[in-house]
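Residue numbers (the numbering used here): 21 to 314. Backbone N, C-alpha and C define an ideal beta-carbon position, used for all residues, glycine too. In this text, all values refer to a predicted model and were calculated from it rather than measured experimentally. The structure appears below as structure tokens.
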């Protein structure tokens, strides 16, 4: 996990939670710019010797995998997280992709347990408002069934999400303070962070040709035969289990030949069985070209 955060004075309450939790599934919730990633990095360091898995579901500001995926990392003995699995969502925001995001998180949490993780730490995005925010967070809670919810809030902005889970004591809810050093980021700063992550990811990418005849159930629709419709589209290159082997950028599509030219860092394109079309365009330098194709 690459920590892209300022140096923080760790609150006493964070230390107490790190000492309290011995095992189980832990879900981090909070608005944007409340220190969720800083808390996740802090806890990962504290729990590095406890068979820790981290599921990063922050599609736009991910510190584990590239943007636009939900990723799973396993903590090594050195304390570093090794990226194990990714599930492609195809957007840097869960808005419009709520079911896919929740399904990906559930899949990777279950996989963490199968890999023998004693603690599964789930970091989330800052979408908390409106019907989408409420549905997204409550579905994650209902499907993951965490033992702990760690809530970062400055006032009471998270209480509307927590009220259904405060009775019964099945889930331990811990409200944690936001460190004063955590500042608000502008949309431009967020975009610049994503672009750096994309640029780093595609730094060693090469162009590969994919025949749609060799792709199981390709998510490329024949109703759109214009090459420019696909050019620059971010795609997930998946295996038979819909695990994402790598991201790619469509360079060219020749509909008549059924051939896609895709820029990707993947070294073994023969493993690709499914191409999943994303909803954003990205240049090889990491620039987001367009949010969504209508």
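In this structure residue 147 touches residue 114 by the C-beta definition: roughly 6 Å separates them, less than 8 Å. For residue 192, the uninterrupted beta strand (DSSP E) run begins and ends at 192-196, by DSSP.
Three or more beta-carbon pairs drawn from the segment 101-117 and the segment 127-144 are found closer than 8 Å, and the two stretches are therefore classed as touching. Between residue 140 and the set 194, 83, 68, 233, the nearest pair of CA atoms involves 68. Excluding five sequence positions before and after residue 66, the CB atoms of its chain that fall closer than 6 Å to its own CB belong to 38, given in chain order. Around residue 307, the same chain offers 215 as residues with beta carbons nearer than 7 Å, after the five sequence neighbours per side are excluded.
Per the Cβ contact rule, the segment 217-236 is not in contact with the segment 68-78 (fewer than 3 Cβ pairs under 8 Å). Distance from the CA of residue 225 to the CA of residue 190, rounded to the nearest whole angstrom, comes to 47 Å. Short of 8 Å from the beta carbon of residue 258, and not among the five residues preceding or following it, lie these beta carbons of its own chain, in chain order: 108, 264, 265, 292, 293, 294, 295, 296. Its Cα nearest to that of residue 166, the residue 182 stands out among 176, 173, 182. With a cut-off of 8 Å on Cβ pairs, the segment 48-64 is in contact with the segment 169-176, counting three or more such pairs.
Counting of Cβ neighbours within 10 angstroms places residue 126 among the buried residues, the total reaching 16 or more. Cα atoms of residue 176 and residue 157: separation of roughly 16 Å, rounded to the nearest angstrom. The DSSP-derived three-state label of residue 105 is strand. When the Cα atoms are used, residue 78 and residue 144 turn out to be separated by approximately 5 Å.
The straight-line gap separating the alpha-carbon atoms of residue 205 and residue 28 is approximately 16 Å. Between residue 62 and residue 30, the gap from beta carbon to beta carbon is short of 8 Å. Here residue 222 is actually not in contact with residue 299; their C-beta atoms are around 18 Å apart, not less than 8 Å. Assignment of residue 263 by DSSP, reduced to helix, strand and coil, places it in the coil class. Exclusion of the five residues before and after residue 121 leaves 109, 114 as the residues of its chain whose Cβ lies within less than 6 Å of its Cβ. If you check the CB distance, residue 229 and residue 279 come in under 8 Å. Closest by C-alpha distance to residue 124, out of 309, 60, 88, 227, is 88. Residue 197 has its alpha-carbon roughly 25 Å from the corresponding atom of residue 152. Taking each of 111, 164, 100, 186 in turn and checking the Cα distance to residue 309, the smallest one comes out for 111.
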